[in-house]
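Throughout the sequence shown, residue numbering follows mature numbering (1 follows the signal peptide of the UniProt record, and there is no 0), covering -18 to -1, 1 to 230 in sequence.
Cβ coordinates follow ideal geometry from the N, Cα and C atoms, glycine included.
Please read all numbers here as calculations on a predicted model, not as lab measurements.
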Amino acid sequence: MPRAAALALLLVSLTACSAEDWSRGGLPMGVTKQSDAVQNLWNGSWIAALATGVVVWGLILWSVAFHRKKKNSKEELPPQVRYNLPIEILYTVVPIIMVGVFFFFTARDQNYINEMSGKPDVKVKVEGFQWSWRFTTEYNGKTVQVVGQPAADYTKGPQLVLPAGKKVEFDLHSPDVIHSFWVPAFHFKRDVIPGVNNKFEVDTVKEGTYAGRCAELCGVDHSRMLFSVKLVSAKDFDTYIASQAGAQ
C-alpha cells in the first residue's frame, strides 16, 4: 500500500500543472484581447458544467442511499412524484434558464470575437495552399510577402511577423481545397475556403513566437502545413518591414 501511494504521488508530481495552467483549463496562454473572451467563456462553461454535475450526482447518490428497497420491506415502491405540478415546473424552468444563460454569454462573446473595425493597423492576406502558406503583409504603404514550404517543425515553416499592441486584420484565401488557419495562442481558428472571403481581426498583446498550423485535413502533407507567428515591438516591426520591403 505505501508503495502504491508513493507511485501515485510520483505520477502526480511528474504530470503536475501549475496553478496558472489549471486556471486556463488546458488552453495555452492567450496573446490577444479576443483570447481573453474565449478563456472567460471556457472557464465559465466548465464551472457551470461541474456545478450541474455535482447537483445531478448528489441527487443520484441521495436517492440510492435513502430510497433503495430495504430487506424484508413490504413497500413495493417509494413515494412517487408523478403529476406533481411544482416539481414538473421546476424540471422545465431550470433547464430553460440554464440554456438561456449559456446562449447569452456565447452570443455576446461570439459577436465580440467576430467584430471587424474596418480600420486595422496591419493587414495580412493569408493564402493556404497544398501544403504551406503565403503571407502578404501590408503596413504603412509597404508590402512584405513570405512563402513557405511543408515542414516537420513549425520553426522551419514560414514565419509571420506582426507588431504587438496593434489591430491586425486577416484576409483568408485558398486556391485549391479547404484549409484552416489556426494559431492556438489566439484561441481561434477560421477555415480558408476556395471562393469564400473569410476575415477576422485580433488585437495583439504579448510579444513572443507562437506555433500555427492547418486544422482541416487537406491532403497528404496536411500535418506539415506548419508556420509560426512572431509578435514583436512596434519599433522592431518597423525595422522588419523596412528591411524586408526593400529587399523584395
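{"query": "Could you check what DSSP says for Pro(-17) in three-state terms: helix, strand or coil?", "result": "Unreliable positioning characterises Pro(-17) in this predicted model, as indicated by a pLDDT of 43, which lies under 50. A coordinate reading is not provided."}
{"query": "In terms of alpha-carbon separation, which member of Gly190, His155 and Gly130 lies closest to Ala144?", "result": "As written in the sequence, residue 144 is Leu, which differs from the Ala given in the question. The shortest Cα separation from Leu144 among Gly190, His155 and Gly130 belongs to Gly190."}
{"query": "Mapping the DSSP letters down to three states, classify Gly177 as helix, strand or coil.", "result": "coil"}
{"query": "Can we count Val214 as close to the ligand ATP, meaning its CB is less than 7 Å from some heavy atom?", "result": "Ligands in the displayed structure: none, and consequently the ligand ATP is not present."}
{"query": "Following the continuous beta strand (DSSP E) through Val126, name the residue where it begins and the one where it ends.", "result": "Lys124 to Val129"}
{"query": "Does the distance from the CB of Val129 to the CB of Thr119 come in under 8 Å?", "result": "no"}
{"query": "Ends of the alpha helix (DSSP H) at Trp24?", "result": "Lys15 to Phe48"}
{"query": "What residue range does the beta strand (DSSP E) around Arg116 cover?", "result": "Ser114 to Tyr121"}
{"query": "DSSP on His169, reduced to helix/strand/coil?", "result": "coil"}
{"query": "Please work out which residues of its chain come closer than 7 Å, Cβ to Cβ, to Pro140, disregarding the five sequence neighbours upstream and downstream, and give them in chain order.", "result": "Ser114, Trp115, Phe117, Val128, Val129, Gly130 and Phe209"}
{"query": "Rounded C-beta distance between Pro166 and Ala134? I'm assuming under 8 Å.", "result": "In fact, because the Cβ distance is near 18 Å, the residues do not count as touching under 8 Å."}
{"query": "When DSSP labels each residue in this structure, what does Ala216 get in the three-state scheme?", "result": "helix"}
{"query": "Taking all protein chains shown into account, decide if Gly110 is buried (16 or more other Cβ within 10 angstroms of its Cβ) or exposed.", "result": "buried"}
{"query": "Under the rule that 16 or more other beta-carbon atoms within 10 Å means buried, what is Glu183, buried or exposed?", "result": "buried"}
{"query": "Quick check: the Cα distance between Trp44 and Asp18, rounded to an integer number of angstroms?", "result": "39 Å"}
{"query": "Opposite Ser210 in the DSSP bridges: which residues?", "result": "Gln141 and Ala193"}
{"query": "Can you give the Cα-Cα distance for Gly82 and Asp218, rounded to whole angstroms?", "result": "46 Å"}
{"query": "Can you have a look at Pro102 and say buried or exposed, based on whether 16 or more other CB atoms are within 10 angstroms of its CB?", "result": "buried"}
{"query": "Run the CB neighbour count on Thr14, radius 10 Å, all protein chains shown included, and call it buried at 16 or more, exposed below.", "result": "buried"}
{"query": "Mind checking whether Pro132 and Asp203 have CB atoms under 8 Å apart?", "result": "yes"}
{"query": "With a threshold of 16 other CB atoms inside 10 Å of the CB of Thr88, please say whether the residue is buried or exposed.", "result": "exposed"}
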